Amino acid sequence: MKTCMFCLVPVFLLTTMGSMASGADIMDGVVGVWLFDEGSGKKVGDSSDNKLHAKFDQGKPKWVKGKFGGGLEFDGESQVTVPDNKLMHLKSFTLTAWMNSPKISGKWQILASKENRGVGGNRNYGLFAHINTGVMHYSFTTGGWKSFDGKTVVTDGKWHYITTTYERPDFTLYIDGKVDAQVKPDTDPDMPENKFFIGGCNIGDYWMTGTLDDIAVFNRVLSEKEINQLMKDGLKISLDVETKEKLVTTWGRLKQVN
Numbered sequence: 007m008k009t010c011m012f013c014l015v016p017v018f019l020l021t022t023m024g025s026m027a028s029g030a031d032i033m034d035g036v037v038g039v040w041l042f043d044e045g046s047g048k049k050v051g052d053s054s055d056n057k058l059h060a061k062f063d064q065g066k067p068k069w070v071k072g073k074f075g076g077g078l079e080f081d082g083e084s085q086v087t088v089p090d091n092k093l094m095h096l097k098s099f100t101l102t103a104w105m106n107s108p109k110i111s112g113k114w115q116i117l118a119s120k121e122n123r124g125v126g127g128n129r130n131y132g133l134f135a136h137i138n139t140g141v142m143h144y145s146f147t148t149g150g151w152k153s154f155d156g157k158t159v160v161t162d163g164k165w166h167y168i169t170t171t172y173e174r175p176d177f178t179l180y181i182d183g184k185v186d187a188q189v190k191p192d193t194d195p196d197m198p199e200n201k202f203f204i205g206g207c208n209i210g211d212y213w214m215t216g217t218l219d220d221i222a223v224f225n226r227v228l229s230e231k232e233i234n235q236l237m238k239d240g241l242k243i244s245l246d247v248e249t250k251e252k253l254v255t256t257w258g259r260l261k262q263v264n
């Protein structure tokens, strides 16, 4: 029986290695992934191995259809948060999310942000739709604000894939897989010990009016090619590929032992 089981390994490898070549590498350095596929309840699971689970802690976000599977619709009064964790304190990072907002709301529309805006005003990373123009705003602090705006209006009732990356000196904003803005602050961001906010931030009065899906944080800069791959496939497919790679590795070790 053992021999038959290991005969299956080459077949399994052939059927999975093609997709793993792209997917597994993309997920290197992932810190947290929130797919919003639960469909009910008041918790949002982290699909990475780090278990940085989120919860509803203000208002009533609504489970709806997202870009990939489920999503969360925010009404301008709700927020979801992840407790502080040192894994989320990052000098270099990628923050990425799908958003669909129908209008300029008169508020800074937060996608996600790691900050303690009400306690000293520090931010590690954050993405917002601009209060007045509807373009994307991306920022961090380093003793003072490093705040920058994109060029493309995203509050138009359509799905947009938003990504920001930072590794000194380059701070880059991507809209739908294309560079929308780039600056060179060339300094390390602050790393405040506070929550990771999604869709709302009551300490900064930032509120999303619209739907969010597939939010992820990485501790490295994703390339433009990787960003476009995630935009095309979604995070779940890339996570599934990573899981298959781990399974293949486990099979390989078992074969060596036996």
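In the working numbering, the protein residues as written are 7 to 264. Beta carbons: idealized from backbone N, C-alpha and C, even for Gly. Being a predicted model, the structure only gives us computed values, none of them experimental.
Check                                                                                                                                                                         : Outcome
Could you please give the first and the last residue of the uninterrupted beta strand (DSSP E) stretch that includes residue 56?                                              : Careful: residue 56 lies outside any beta strand (DSSP E) and carries neither H nor E.
Starting from residue 221, follow the beta strand (DSSP E) in both directions and report where the run begins and ends.                                                       : 215-224
Would you mind stating whether residue 219 and residue 35 have Cβ atoms separated by less than 9 Å?                                                                           : no
For residue 32, name the three-state secondary structure that DSSP assigns.                                                                                                   : helix
Using a 10 Å radius around the Cβ and a threshold of 16 neighbouring Cβ atoms, would you call residue 299 buried or exposed?                                                  : In the structure as shown, the chain starts at 7 and stops at 264, and residue 299 therefore has no counterpart that could be examined.
Under 8 Å: do the region 82-91 and the region 206-215 share three or more Cβ pairs, one atom per stretch?                                                                     : yes
Cutting at 8 Å between CB atoms, please list the residues of its own chain near residue 188, excluding the five before and the five after it.                                 : 176, 177, 178, 179
Measure the C-alpha to C-alpha separation of residue 114 and residue 37 and round it to an integer number of angstroms.                                                       : 25 Å
Going by DSSP, what residue range makes up the alpha helix (DSSP H) through residue 234?                                                                                      : 230-239
Take every Cβ of the region 87-103, pair it with every Cβ of the region 163-172, and state whether three or more of those distances are shorter than 8 Å.                     : yes
What's the gap between the Cα of residue 185 and the Cα of residue 235?                                                                                                       : 15 Å
For residue 196, count neighbouring C-beta atoms within 10 Å of its own C-beta (all shown protein chains included) and say buried if the count is 16 or more, exposed if not. : buried
Just to confirm, is the Cβ distance from residue 144 to residue 127 under 9 Å?                                                                                                : no
So, using beta-carbon positions, are residue 52 and residue 199 closer together than 9 Å?                                                                                     : no
Do residue 136 and residue 110 have their C-beta atoms closer together than 9 Å?                                                                                              : yes
If you drop the 5 nearest sequence neighbours on each side, which residues of the same chain put their C-beta closer than 7 Å to that of residue 27?                          : With a pLDDT of 42 at residue 27, under the threshold of 50, the predicted position of this residue should be treated as unreliable, though the coordinate-derived value follows. Once the five neighbours on either side are set aside, residue 27 has no close Cβ partner at all.
Can you tell me whether DSSP reads residue 94 as helix, strand or coil?                                                                                                       : helix
Looking only at its chain, what residues have a beta carbon closer than 7 Å to the beta carbon of residue 245, apart from the 5 residues adjacent to it on each side?         : 33, 39, 53
Which of the three DSSP states is assigned to residue 41 in this structure?                                                                                                   : coil
Sort 213, 201, 223, 227 by Cα distance to residue 174 and report the nearest one.                                                                                             : 227
Can you check DSSP and say which residues form a bridge with residue 265?                                                                                                     : Since the first residue of the chain shown is 7 and the last is 264, residue 265 is not available in this structure.
State the CB to CB distance for the pair residue 93 and residue 58, rounded to an integer number of angstroms; the pair is presumed to be in contact (CB under 8 Å).          : 7 Å
Once you ignore the five residues that flank residue 163 on each side, which residues in its own chain have a CB closer than 6 Å to its CB?                                   : 108
Look at the alpha carbon of residue 243 and the alpha carbon of residue 222, and state the distance between them as a whole number of angstroms.                              : 14 Å
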